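Sequence positions in the sequence shown follow our numbering and run 27 to 319.
One structure is given below, encoded as structure tokens.
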Amino acid sequence: MSDKDLLPYLMLSVSSSQQGMVRAASLLRLPHVRVTISLVVAVLLLILLLLRHYREEVHISILPPRPPQDASHLTQALVIAKTIEEDTDWLFHGGFNESYGLFIYTMSKNDPELGYLRPHTTKGREAAAFLSYVIDYYDVLPRYSIFIHGGDPQRHNDVLYLNSRVLPNLRHAAIDAAGYINLRCDTNPGCPVAVTPHDFTKEDAAKKLDPRAKFAPIYAELFNVPMSEVPRQIGGVCCAQFAVHRDRIRQRPKSDYVRMMHWMATTKETDTFGVGWVMEKLWHVVFGMESVQ
């Protein structure tokens, strides 16, 4: 077939294509078609924005290996209370997964993260994870247990700020000598006195869920002692990040920790924030230190 013979077919093809473009342009001029396209574009943009927000607000961390059921062969372990917003990748980027056993607890009550340990309760914030670990591993503890929050940057740290900078400076000799040490260097706030259980204000008493006015009976219940043995003053280094030797943990029977956990999970005297605040003021007492350090 010659070029002259193909020309009518080529012209017909171009004409059909032009007609299709004209029909498409005509459809785009219809109001309902324009509205539909605009809605589709808007939905796609919204999905992209939501995905970006999700990636920024909820970081999906590297999942740790399942911790051993028997941790007694470990020299040291990190016991970590992780909220869903916290990024624990720093543990792996810094090689802490190689030098520590990792016991990471998900603290999300309604949507617990898969691949992490579950605390006995989520009431009490990080305290629930810490006590769950002590109860679950009481008979097979590593030599040193270091209790921390999930994120690397921590307002609890005063000098070095980042957990990844604090941990390399933690000396086992200090834990051996004291049995229990707080990871902060500055004693303020918390020392010399943070709580006066028998002396509280009218303002404290007027607050229904504030534990300050109820601290003496709470202490008596936690430690199973009469009110007469509740100390007049309690003071310890602020904030719930600390290290404990296994011998110090075992100075107290496991039943004590079970009783404390029961109070945390069932108390009506305060809310989850108040439960965590109470335990933050008492960790040094729980692990055998004087009421005022």
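Ideal Cβ placement from N, Cα and C applies to all residues, glycine included.
For clarity, every value in this text was computed on a predicted model and none was experimentally measured.
Discussion item. Just to confirm, is the Cβ distance from Phe226 to Arg238 under 7 Å?
Written reply: As a position in the sequence shown, residue 226 is number 200, starting the count at 1. As a position in the sequence shown, residue 238 is number 212, starting the count at 1. Cβ distance < 7 Å, so Phe226 and Arg238 count as in contact.
Worksheet item: How would you call Ile88, buried or exposed, if buried means at least 16 neighbouring beta carbons within 10 angstroms?
Response: For this step, residue 88 is matched to residue 62 along the sequence shown. When all chains shown are included, Ile88 counts as exposed.
Worksheet entry | Counted within 10 angstroms of its Cβ, other Cβ atoms place Leu167 as buried (16 or more) or exposed | Counting from one through the sequence shown, the residue named residue 167 turns up at place 141. Burial call: buried.
Practice prompt. Taking only runs that begin and end inside the region 121-181, name each unbroken alpha helix (DSSP H) of 4 or more residues, in chain order.
Written response: 122-125, 152-162
Worksheet item: CA-CA distance, Pro223 and Ile244?
Response: As a working mapping, residue 223 is identified with position 197 in the sequence shown. As a working mapping, residue 244 is identified with position 218 in the sequence shown. Answer to the nearest angstrom: the Cα atoms are 9 Å apart.
Worksheet item: How would you call Met290, buried or exposed, if buried means at least 16 neighbouring beta carbons within 10 angstroms?
Response: As a position in the sequence shown, residue 290 is number 264, starting the count at 1. Met290 sits buried, since 16 or more C-beta atoms from the chains shown fall within 10 Å of its C-beta.
Practice prompt. Decide if the region 262-274 is in contact with the region 124-139; the criterion is three or more beta carbon pairs, one per stretch, under 8 Å apart.
Written response: no
Discussion item. If I measure Cβ to Cβ from Gly300 and keep anything under 8 Å in the same chain, skipping five residues before and after, which residues do I get?
Written reply: Taking the first residue of the sequence shown as 1, we reach residue 300 at position 274. Here Gly300 has Leu235, Asp236, Pro237 as same chain residues with Cβ atoms under 8 Å from its own Cβ, once five neighbours each way along the sequence are excluded.
Worksheet item: Cβ of Ala107 within 7 Å of Cβ of Gly127?
Response: Numbered from 1 along the sequence shown, position 81 holds the residue referred to as residue 107. Numbered from 1 along the sequence shown, position 101 holds the residue referred to as residue 127. Against a cut-off of 7 Å, the Cβ pair of Gly127 and Ala107 comes out as no contact.
Practice prompt. Tell me, please, which residues DSSP counts as bridged to Tyr206.
Written response: Locating residue 206 in the sequence shown gives position 180, counting from the first residue. Answer is Val270.
Worksheet item: Is the beta carbon of Asp297 within less than 6 Å of some heavy atom of the ligand PLP?
Response: The ligand content of the structure shown is nil, which means the ligand PLP is not present either.
Worksheet entry | Simplified DSSP state of Leu188, which is helix, strand or coil | Position 162 of the sequence shown holds residue 188. If DSSP states are grouped into helix, strand and coil, Leu188 belongs with the strands.
Worksheet item: What is the DSSP secondary structure of Lys234, counted as helix, strand or coil?
Response: Within the sequence shown, residue 234 is the residue found at index 208, counting from 1. If DSSP states are grouped into helix, strand and coil, Lys234 belongs with coil.
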